[in-house]
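**Student:**
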Amino acid sequence: MSRPDADGDGALFVYGSLLDAAHRVALLGHEVAAAPARIAGYERGRSRYFYIARRAGVETAGLVLSGLGEHDFAVLDRYEEVPRLYTREKVEVTGADGAALRCWVYLPTAALFGPG
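According to my numbering, the sequence shown holds residues 184 to 299 in order.
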């Protein structure tokens, strides 16, 4: 994988349906680089969709997708229903090599847990 840029603008930590490479290609129309990573202090759960929530002492495994452009994020924001169901925020994750990486992540809003 090419390393995400220093500020993480083109990198995204994924932990749910976007772990599936075929699903990413169907959504984005192209392959993207992906590498294992984990986020400390967050636990994965599932309501209508997967989400992560802050919880001390745990971590969630996932992937860091890199090389994403503005169009990719526009597609992903629509897919994740930003800002209704998720917000996109910068976080720090740990790569498989132990290096800290700064990247985007989708975090749930209260609407994700509501009826419907």
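For glycine and all other residues, C-beta sits at the position ideal for the given N, C-alpha and C. None of these values were measured; they are calculated from a predicted model.
Apart from the five residues just before and just after residue 202, which ones in its own chain have a Cβ nearer than 7 Å to its Cβ?
**Tutor:** 245 and 246
**Student:** Counting C-beta neighbours from all protein chains within 10 Å, is the total for residue 213 16 or more, i.e. buried, or is it exposed?
**Tutor:** Per the 10 Å Cβ criterion, exposed.
**Student:** Are the CB atoms of residue 216 and residue 278 nearer to each other than 8 Å?
**Tutor:** no
**Student:** In angstroms with no decimal places, state the Cα-to-Cα distance between residue 276 and residue 250.
**Tutor:** 16 Å
**Student:** If you draw a straight line from the alpha carbon of residue 221 to that of residue 242, how long is it in whole angstroms?
**Tutor:** Going by the C-alpha atoms only, they are around 7 Å apart.
**Student:** Ordered along the chain, which non-local residues of its own chain (more than five positions away) have a Cβ less than 8 Å from that of residue 206?
**Tutor:** Apart from the 5 residues on each side of it in sequence, residue 206 sits with its Cβ closer than 8 Å to the Cβ of 200 in its chain, given in chain order.
**Student:** Compute the distance between the beta-carbons of residue 295 and residue 230, then report whether it is under 8 Å.
**Tutor:** yes
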